[in-house]
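Okay, so here's the structure we're looking at.
2 protein chains.
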Amino acid sequence: MNKIILKTQLLYSEMGKSEKKVADWLISHPGDNLPMSISELAELCESSESTIVRFARRLGFSGYGELKICVAGEQEKKVVLPTINENDSCFEILEKICNDAYLSFERTKRTIAPENIAAAANLIASAGKTVLIGLGSSASVAQDAANKFLRAGYSAYSYGDTHMQMIAASHMKEGDVLIGVSQSGASKDIVEALKFAKSRGISTICITGTDKSPIMKQSDIVLLTDTEETKHSSLALSSHLSRLVVIDSLCYYLVYRNEENGTGLDEENENNLRSKRVNE
Amino acid sequence: MNKIILKTQLLYSEMGKSEKKVADWLISHPGDNLPMSISELAELCESSESTIVRFARRLGFSGYGELKICVAGEQEKKVVLPTINENDSCFEILEKICNDAYLSFERTKRTIAPENIAAAANLIASAGKTVLIGLGSSASVAQDAANKFLRAGYSAYSYGDTHMQMIAASHMKEGDVLIGVSQSGASKDIVEALKFAKSRGISTICITGTDKSPIMKQSDIVLLTDTEETKHSSLALSSHLSRLVVIDSLCYYLVYRNEENGTGLDEENENNLRSKRVNE
DNA sequence: AAAAACCTGAAATAAATTTTCAGAACGAAA
DNA sequence: TTTCGTTCTGAAAATTTATTTCAGGTTTTT
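Protein chains in written order, with the working numbering: chain X, 92 to 371; chain L, 92 to 371.
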């Protein structure tokens, strides 16, 4: 996995026409060392020196010199082209999915509002109990989250069927938190449940990958993850992973908070769990 | 092994006093990247620009620029393990978790046997039905996988409680596949279920993060993911993600296989799902 | 259709690298 | 110790390379 090329792909859509020529050249010459000088590269890319400097800056380098050095540093790693096609072996697909996940994480870091994650974590930390709901693959995200939160010492539960979700919502009290997970942000039952909870004074959080979606209106705190349309199919693999890392970061934060109160994942407890092999 | 340093040592005796200062600096700063400019380095070595150029030429480079690039290329990409500490903000934790996930993917790609993924995919593709079992966070991996496999057009089911797992196993037939997910590879109930199935001629696959673990003995095909010990706690966040990307790659492969038979994720079906907002 | 925002490359400027060269340091021979 | 020749060195000049600026062009917005 070549980080420079991945980053190039990540930022490709934000580039101008001429900058894209530079990007294209880089992507199509993965193994190559950069030609020694900026002028040479400018000529190869049919672009200008200034454009190349701008390109390097966009990727986060101080200038062309730094880019050149980093490209040399990434050398031997072979690059995997992004789109999966039907002749790929399973392993090639795995490589592409890992790349895709990396890009999705990068997009998530740019999309999510840091203050909102903090607010969500603090809300969960001080909540009476936390309920997570989602459908389909979002149900397993919700389940995973509940699992981890509970482990970290917080009362958390997840429900994957719409009846149970509504029942759970109706038994929540002020001071509790309801977290709705929905990639589309439009799953009717989830939105309804959040709306119902909100009307009763219960705090609501959503984790979604779609900006300006219905679920956002029903949520006190919005955690917006990778919003890139998935090109392939509704399997939406990498966005699923992005939602998980957001959960994981909340979870870690909560672990540390709880450790301060002495109710966290303490040694003894964890060793207990491990000896019973419930560590997964 | 750093070739440039070796070469420096080889030629050390032929160098002048000032050139040796450059050599000494290089040898005593093996990990470092070269400072950006030749003047900076000259100052650090208490020497001059021209001496450095001569030094670079002696090692066989065309000049300082080439030396700089090659040093960068030889740099051991020592990865800084981003340990999370208690003063990190939620967003910082998110960044570290993403890094950790990236590393975990890299490890998984190195650990997993490409031919085993292919074998697993083919087994699932030709199986009557596929059952996935796991406990704790592995249960949500299993659930997620079943969800996706089913979506891709394969009969797949997951069970998260030990009774149901055993019942399901006992109703499986030859030609079916049982997939056990277990990070430790030692969860007694999962291992037992696989053993039982295997004894009845059912194909077994395991997805585990622990080499030489009990579950491997009961599995026809082993998918070994990131085996790095998690330093933090048994939350084992990133290894969880690694297991998911393995699932995802199987799943993608199966989608393509099914498309060939015309039973895959076809447009119409997917649009249908989308219009009902069950795309997650 | 006008205005604003943005992208681009030629040229000017700045910075880094390489070369040149005069003198210092060392060694061998007288 | 002196003298000559060789090698090594660094300051400064020359050259190459990188960066910034700016005016003109393009696209987007209003």
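Note that the Cβ used here is the ideal one computed from N, Cα and C, for glycine as well.
- Inside the segment 280-345 of chain L, DSSP marks whole beta strand (DSSP E) runs of 3 or more residues at positions 294-299, 312-315, from first to last along the chain.
- Under the DSSP assignment, glycine 156 of chain X falls outside any beta strand (DSSP E), being part of the alpha helix (DSSP H) whose first and last residues are 155-165.
- Residue pairing of alanine 247 of chain X in beta bridges, as defined by DSSP: X:Thr221.
- Counting only residues of its own chain and dropping the five nearest sequence neighbours on each side, cysteine 161 of chain L has a CB closer than 8 angstroms to the CB of Ile95, Phe152.
- The segment 292-311 of chain L makes contact with the segment 259-268 of chain L: 3 or more CB pairs, one atom from each, lie closer than 8 angstroms.
- Listed in chain order, the positions of the segment 331-345 of chain X with a beta carbon within less than 8 angstroms of a beta carbon of chain L are His331, Leu332, Leu335, Val336, Val337, Asp339, Ser340, Leu341, Cys342, Tyr343, Tyr344.
- The beta carbon of glycine 151 of chain L sits no closer than 7 angstroms to any beta carbon of chain X.
- In this structure, the CA atom of threonine 199 of chain L is about 12 angstroms from the CA atom of isoleucine 188 of chain X.
- Chain-order list of chain L residues neighbouring methionine 127 of chain X: Gly156, by C-beta distance under 7 angstroms.
- Residue burial is scored here from C-beta neighbours: tyrosine 343 of chain X has at least 16 other C-beta atoms within 10 angstroms and is therefore classed as buried.
- Between serine 228 of chain X and aspartate 311 of chain L, the C-beta spacing is not below 7 angstroms.
- As DSSP reads the structure, serine 273 of chain L sits in a beta bridge with L:Thr299.
- Under the 10 Å beta carbon count, glutamine 100 of chain L is surrounded by fewer than 16 other beta carbons and is classified as exposed.
- Using a Cβ-Cβ distance cut-off of 8 angstroms, the segment 272-282 of chain X and the segment 201-220 of chain X are not in contact, since fewer than three pairs of beta carbons, one from each stretch, lie closer than that value.
- Here the alpha carbon of isoleucine 129 of chain X sits roughly 41 angstroms from the alpha carbon of aspartate 339 of chain L.
- Taking a Cβ-Cβ cut-off of 7 angstroms, the neighbours of tyrosine 193 of chain L in chain X comprise Tyr193, given in sequence order.
- Each residue's CA atom was taken as its position, placing glutamate 140 of chain L and glycine 156 of chain X some 18 angstroms apart.
- Put simply, the CB of glutamine 256 of chain X is far from chain L, with every gap to its CB atoms at 7 angstroms or more.
- Secondary structure note for glutamate 183 of chain L: its alpha helix (DSSP H) is the uninterrupted segment 181-202.
- Listed as beta-bridge partners of valine 268 of chain X by DSSP are X:Thr221, X:Ser294.
- Glutamine 309 of chain L and leucine 341 of chain X have their C-alpha atoms roughly 36 angstroms apart.
- Judged by their CB atoms, alanine 247 of chain L and leucine 269 of chain L are not nearer to each other than the 7 angstroms cut-off.
- Per the C-alpha coordinates, the member of X:Pro121, X:Lys108, X:Ile184 positioned closest to asparagine 93 of chain X is X:Pro121.
- Per the C-alpha coordinates, the member of X:Ser330, X:Gln274, X:His331 positioned closest to lysine 303 of chain X is X:Gln274.
- Taking the CA atoms as reference points, serine 329 of chain L sits about 19 angstroms from glycine 271 of chain L.
- Neighbourhood of aspartate 235 of chain X in chain L, by CB distance below 7 angstroms: Ser228, Ser231, in chain order.
- Taking 7 angstroms as the cut-off, the Cβ atoms of leucine 226 of chain X and serine 261 of chain X do not count as close.
- Neighbours of tyrosine 347 of chain X in chain L, taken as residues whose beta carbon is under 7 angstroms from its own, are Glu177 in chain order.
- Per the coordinates, the alpha-carbon of serine 231 of chain X lies some 5 angstroms from the alpha-carbon of serine 231 of chain L.
- Annotated as proximal: isoleucine 224 of chain L and alanine 233 of chain L, with beta-carbon spacing under 7 angstroms.
- Measuring C-alpha to C-alpha distances from lysine 98 of chain X to each of X:Leu158, X:Thr142, X:Ser138, X:Pro126 identifies X:Leu158 as the nearest.
- Among the CB atoms of chain L, none fall inside 7 angstroms of the CB of isoleucine 281 of chain X.
- Classified as buried, glutamate 197 of chain X has 16 or more neighbouring CB atoms from the shown chains inside 10 Å of its CB.
- For isoleucine 96 of chain L, the secondary structure class from DSSP, reduced to helix, strand or coil, is helix.
- Rounded to whole angstroms, leucine 345 of chain L and threonine 299 of chain L show a C-alpha spacing of 21 angstroms.
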